[in-house]
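Residue numbers (my numbering): 1430 to 1858.
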């Protein structure tokens, strides 16, 4: 007897496009929050309750770092972001976030978890952050040379992000020098920090020259690219901070004559670089005021205001301690007050942006929850993505990185191929 089996056809496969909605630029929020906490410890004047408040802010930075790291790693968007000429620049943000939180563990977290645990946390975060920072400082410029293509006016402050992490490693590594075994290990750490300072500072000066050339020879930047001009201030501030921090720990590691030389170098070179930083700050303030008058929409690049000002606070504080100068002391205090005010504004706008983003994603997911329609060409069912829906229904990403960086997109939409910056394109593999 012949029998036939009635097989119910399987439903067509459903293709869902889920482009990443979180870019590495959002780790600047951890950097900014962390430096608000860390800078409180370095102030040349103490205020009641300041360290307790700084500890709470540092804990917030820890939570934010964990949340962003988990979310970013789940996206598996590393190769996609590396291929983008703008997004790749912000690969420097995650290493600096790790380094900032790690330094806070030793400066502030020790009150909560004890010195041993704080040291363990700082060593792990500093080691991982330093390795990632060195990889970024080497690989992103390589990609810029071999794969990415840029128009003559493409340079912007984000180009500094890949080369600044080694300077942050130098400044935060100085905290670990006294806790390193004496002898060759301690000497190696100190010399390595000086080498990373040189790597980052010279590379940063080269990039700053390119950014200045772009500002002079082309139209002034507009929109959300303007805050990235402040990153130059952060690079210069980190250099001064690192010089001061390494000079403090050099005695007992280097011969006495060299140790005295590091102190002189920290003061004289620090003053020179600090003076240039003030010039860059004046330029950044002028461009920012000009842009605010025309309208400055919120973007993750707003966090470019925070970490650079925080680096300027730590740099000015280092010079205040080294010179005992009252103008430097009160300049540090005023800059820190401005830093806290700016952080409150940017953090508030970021929270509001995040809430709106989650609400719109939830609404968009609900709209997509209907039955999938078969594609007449392939026979497979497809679900409309944000790019296929009207702008009003599209997801609002936490970072559409190219649009965040240059403000070229009228609306922040999920897209796997962000708009290029001023003619920047990805070259052949």
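Quick reminder that beta carbons are idealized off the backbone N, C-alpha and C, glycines included. The model shown is predicted, which means the values in this text are computed figures rather than measured ones.
- Message: Helix, strand or coil, according to DSSP, for residue 1610 in the structure here?
- Response: coil
- For residue 1578, three-class secondary structure by DSSP: strand
- Item | residue 1680 (DSSP reduced to helix, strand or coil) | When secondary structure is reduced to three states using DSSP, residue 1680 falls in the strand class.
- What whole-angstrom Cβ distance do residue 1761 and residue 1749 have, given they're in contact under 8 Å? Confirmed, Cβ separation roughly 5 Å.
- Within 10 angstroms of its Cβ, does residue 1779 collect 16 or more other Cβ (buried), or is it exposed? buried
- Query: Which residues in the same chain have their Cβ closer than 8 Å to the Cβ of residue 1554, if we skip the five residues on either side of it in sequence?
  - Reply: 1527, 1528, 1530, 1531 and 1534
- Less than 8 Å between the CB atoms is what I'm expecting for residue 1606 and residue 1618, so what's the real figure, rounded? Yes, residue 1606 and residue 1618 are in contact; Cβ-Cβ is about 6 Å, under 8 Å.
- Query: When you compare each of 1661, 1600, 1767 and 1594 to residue 1629 by their alpha carbons, which one comes out closest?
  - Reply: 1594
- Message: Let's test the definition: count the other Cβ atoms within 10 Å of the Cβ of residue 1711 and tell me whether it reaches 16, buried, or not, exposed.
- Response: exposed
- Which one of 1558, 1670 and 1603 has the shortest CA to CA distance from residue 1746? Selected option, being the one with the closest Cα: 1670.
- Proximity winner among 1485, 1680 and 1700, relative to residue 1691 (alpha-carbon distances): 1680
- Supposed close pair residue 1459, residue 1497 - CB separation, criterion 8 Å: Yes, they are in contact, since the Cβ atoms of residue 1459 and residue 1497 sit about 7 Å apart, within 8 Å.
- Taking the alpha carbon of residue 1733 as the point to measure from, which residue in 1452, 1522, 1580 and 1560 has its own alpha carbon closest? 1522
- Item | Endpoints, the alpha helix (DSSP H) within which residue 1705 is located | Going by DSSP, residue 1705 is part of the alpha helix (DSSP H) stretching over 1685-1723.
- Message: Give me the residue from 1490, 1481 and 1482 with the minimum Cα distance to residue 1455.
- Response: 1490
- Specify, as a first and last residue, the run of the alpha helix (DSSP H) that residue 1647 falls within. Looking at the DSSP string, residue 1647 is not in any alpha helix (DSSP H), and its letter there is neither H nor E.
- Item | residue 1526, DSSP secondary structure in three states | helix
- DSSP three-state assignment for residue 1593, whether helix, strand or coil: coil
- Secondary structure at residue 1531, three-state DSSP: helix, strand or coil? helix
- Item | Alpha-carbon to alpha-carbon, residue 1495 and residue 1561 | 17 Å
- Query: If you draw a straight line from the alpha carbon of residue 1452 to that of residue 1501, how long is it in whole angstroms?
  - Reply: Using only the alpha carbons, I get a separation of about 7 Å.
- Task: Indicate whether the contact test is met: 3 or more Cβ pairs, each with one atom in the stretch 1543-1559 and one in the stretch 1576-1584, closer than 8 Å.
- Result: no
- Inter-residue CB distance, residue 1625 and residue 1596 (contact presumed, cutoff 8 Å): At roughly 7 Å, the Cβ-Cβ gap stays under 8 Å, so residue 1625 and residue 1596 are in contact.
- Message: Excluding the 5 residues flanking residue 1543 on each side, which residues of the same chain have their C-beta closer than 8 Å to its C-beta?
- Response: none
- Message: Taking the beta carbon of residue 1643 as the centre, do at least 16 other beta carbons fall within 10 Å, making it buried, or is it exposed?
- Response: buried
- Query: Taking just the CA atoms, how far does residue 1682 sit from residue 1611?
  - Reply: 8 Å
- Report, in whole angstroms, the separation of the C-beta atoms of residue 1709 and residue 1665, which I expect to be a contact under 8 Å. Confirmed, about 6 Å.
- Task: Kindly give me the distance between the Cβ atoms of residue 1468 and residue 1739, rounded to whole angstroms, as I take these residues to be in contact under 8 Å.
- Result: 5 Å
- Query: What is the rounded straight-line gap between the Cα of residue 1703 and the Cα of residue 1744?
  - Reply: 8 Å
- Query: residue 1565: buried (16+ other C-beta within 10 angstroms of its C-beta) or exposed?
  - Reply: buried
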